[in-house]
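Structure record follows, encoded as structure tokens.
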Ligand code: SF4
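Numbering (my numbering), first residue to last: 24 to 142.
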């Protein structure tokens with residue numbers, strides 16, 4: 024039996040889950056959301072990537088940093104590639120919250136977006 028112990032982070036209660044990956048069963052959860060989280064975390068863990076990108080002027084000179092995040096969680100295995108793409112971004116004003124800085128980041132099918140305005 025291949026079981027994994029995972030702490031559920033869906034709500035502050037933090038139930039201690041035990042996931043049997045082969046059987047696809049979860050114990051220790053208090054609610055259905057925990058079971059879904061446990062299976063997903065054990066089989067395809069995902070994270071929302073949050074970071075900042077450089078904002079430059081027309082000459083390429085640094086002017087500011089812009090907070091960004093992925094529009095949805097992406098597989099953990101793609102985070103390193105995604106961060107390399109984040110590091111290469113040189114955005115220019117004006118920027119609006121929700122603007123796409125990197126479409127389909129790391130081939131995850133999810134965009135990297137601005138999380139605030141920078142006018
Ligand atoms: S199993 Fe349900 S109650 Fe327990 S931490 Fe997860 S979401 Fe919260």
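Built from N, CA and C at the ideal position, the CB exists for glycine as well.
Worksheet entry | Residue of 25, 131, 88, 84 minimising C-alpha distance to residue 98 | 131
Fill in: Given 8 Å, three or more beta-carbon pairs between the stretch 46-58 and the stretch 69-79
no
Practice prompt. Evaluate the contact criterion for the stretch 76-86 versus the stretch 106-119: three or more CB pairs, one atom per stretch, below 8 Å.
Written response: Counting Cβ pairs under 8 Å, three or more are found: they touch.
Worksheet item: When DSSP builds the beta bridges, which residues end up paired with residue 42?
Response: Partner(s): 27, 49.
Worksheet item: Is residue 33 near the ligand SF4, judged by its Cβ being under 6 Å from some heavy atom?
Response: Indeed, a heavy atom of the ligand SF4 lies less than 6 Å from the Cβ.
Item to complete: Report all residues from its chain with a CB closer than 6 Å to the CB of residue 95; omit the five preceding and five following residues, and keep chain order.
Response: 133
Worksheet item: For the stretch 87-140, which segments carrying the beta strand (DSSP E) assignment without a break, of at least 3 residues, lie completely within its bounds, in sequence order?
Response: 123-125, 135-137
Fill in: Exposed unless 16 or more other CB atoms sit within 10 angstroms - verdict on residue 142
Residue 142 comes out exposed.
Worksheet entry | Contacts around residue 108, its chain only, beta-carbon distance under 6 Å, and the 5 residues preceding and following it disregarded | 125, 128
Discussion item. Counting C-beta neighbours from all protein chains within 10 Å, is the total for residue 29 16 or more, i.e. buried, or is it exposed?
Written reply: buried
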